[in-house]
Amino acid sequence: MPHLKSSTGDKHQTFALVGEAIDDEQYHHRQDMDILDCAEFYAFDQGSILFQYTRVLFHQDSRIFLGQYSGRKTAIGTNLDIERLSAIQEILPEMYRPQDLDNYIHSSKFQVEGVHIKRPNLLQFDGTPHLAELMLVDLKACEILHQHPHVNIARYLGCLKEDGKVAALCFSKYKETLMDKLNPEGLSKVDFINTAAEARSAASQRYLPRIEQAVRHIHELGLAHNDINPENIMIDSEDNPVLIDFDSCVEQGSPLSGIKRTLGWYDESIEVSRPENDWRALKEIRTWLEASTAESFSFGY
1 MPHLKSSTGD KHQTFALVGE AIDDEQYHHR QDMDILDCAE FYAFDQGSIL
51 FQYTRVLFHQ DSRIFLGQYS GRKTAIGTNL DIERLSAIQE ILPEMYRPQD
101 LDNYIHSSKF QVEGVHIKRP NLLQFDGTPH LAELMLVDLK ACEILHQHPH
151 VNIARYLGCL KEDGKVAALC FSKYKETLMD KLNPEGLSKV DFINTAAEAR
201 SAASQRYLPR IEQAVRHIHE LGLAHNDINP ENIMIDSEDN PVLIDFDSCV
251 EQGSPLSGIK RTLGWYDESI EVSRPENDWR ALKEIRTWLE ASTAESFSFG
301 Y
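Under the UniProt record's numbering, residues 1 to 301 are what the sequence shown spells out, in order.
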């Protein structure tokens, strides 16, 4: 199952299409499209996870579009017939790229070895400029962290500029996520705690104290991360943990409406940015690494 975040905060919820879609019949006469990406979307129904549709991102005539396909991702291939897509929307640059400002740190690093280029995930487009707003949240937090670096926080190298807009953010590249390192099979929380107790405990002792230091540093700057989970902790080439992903990192006391968070790693009743959000998330990670019973979890299994 894809780990995609929605603007409501839940990674596995479907996305509502907002705004005026292109008339499907008017559009379907064009067949020359290049598929850029696709992902399956799911929804919860009485405790079950049900497949909804596959979103298809494609390129045509220097324009980017998003459509829905009723089948699975594996059935798409490289030559999907446009006739089989519905709810087609064009994604304009201003919908996912915030306006550039001269005082932003600009980077010339593009496709350079050792550099991670972070662009908006257009499969999460909802018909609004929300993706641009999230990138701006990410950028503003990274600008602050660039001025106040910490060894266990991702090194921000600046933003890439295209046509007067921010197109991407550049970071040092790290080896793998904590999730990939410890749970490559993608087991659920309850299944994971039944594996390799000694290795999990060793990981907790090595990584969590350093992430706690990074979190304290962020809090001292007046921010809170608000989305700490094993997918947002990288492990570098020297086996040190590094906190990443700052599109939920806002000033303490700020509302979290529209901010992305990860299902199963946060309290859904909390709607304000605060340090306690991060400490509770770290406690959940510690439980994930050290607990032996599912009842120990605070945010579901």
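Glycine is no exception: its CB is placed at the ideal position from the N, C-alpha and C atoms. For clarity, every value in this text was computed on a predicted model and none was experimentally measured.
For residue i, three-class secondary structure by DSSP
i, result
"P241", "strand"
"V151", "coil"
"M33", "coil"
"E198", "helix"
"C142", "helix"
"H225", "coil"
"A291", "coil"
"K283", "helix"
"D100", "coil"
"T177", "strand"
"E133", "helix"
"Q60", "strand"
"S7", "Low local confidence applies: a pLDDT of 37 at S7 is under 50, so the model's placement there is unreliable, with the coordinate-based value given in what follows. DSSP places S7 in coil when its eight states are reduced to three."
"P209", "helix"
"D23", "Bear in mind that a pLDDT of 42 at D23, under 50, signals an unreliable position, so the number given afterwards is only what the model happens to contain. In the structure shown, D23 sits in coil (DSSP, three-state: anything other than H, G, I, E or B)."
"F297", "coil"
"F51", "strand"
"E113", "coil"
"L169", "strand"
"L157", "strand"
"D278", "helix"
"E40", "strand"
"L182", "helix"
Whether residue i touches residue j by CB criterion (8 angstroms)
i, j, result
"V169", "L123", "The question names Val, yet the displayed sequence has Leu at residue 169. Taking 8 angstroms as the Cβ cut-off, L169 and L123 do not qualify as a contacting pair."
"H191", "I228", "Before going on, a small fix: residue 191 reads as Asp here, not His. No, these two residues do not count as a Cβ contact at 8 angstroms."
"C38", "I88", "no"
"Q99", "S86", "no"
"I235", "L187", "no"
"I91", "F65", "yes"
"H150", "A224", "no"
"Y266", "I233", "no"
"H219", "P275", "yes"
Sequence-distant residues of its chain with Cβ nearer than 6 angstroms to residue i (five each side left out)
i, result
"L134", "D247"
"G158", "I105, H106, S107 and C170"
"S296", "T287"
Anticipated Cβ contact below 8 angstroms, residue i with residue j, distance rounded
i, j, result
"E94", "P129", "7 angstroms"
"T262", "E231", "7 angstroms"
"Y285", "P241", "Reading off the sequence, residue 285 comes out as Ile, not Tyr. About 11 angstroms separates the two Cβ atoms, so there is no contact after all."
Neighbourhood of residue i by C-beta distance below 8 angstroms, restricted to the same chain and skipping five residues each side
i, result
"S272", "Sequence inspection shows Val at residue 272; the Ser mentioned does not correspond to that position. These residues qualify, in order along the chain: G253, S254, P255 and L256."
"H116", "C170, F171, S172, K173 and Y174"
"D34", "F58, H59 and Q60"
"L282", "L208, I211, E212, V215 and I228"
"H148", "H217 and L221"
"A167", "R97, R119, C159, L160 and K161"
Cβ neighbours of residue i in the same chain (closer than 7 angstroms, five flanking residues each side left out)
i, result
"Q52", "T14, F41, Y42 and A43"
"Y301", "S188, K189, V190 and A294"
"S204", "R286, L289 and E290"
"E251", "G222, L223 and S273"
"K181", "I235"
Three Cβ pairs or more, each shorter than 8 angstroms: is that satisfied between the stretch 237-245 and the stretch 152-163?
yes
Evaluate the contact criterion for the stretch 139-148 versus the stretch 189-206: three or more CB pairs, one atom per stretch, below 8 angstroms.
no
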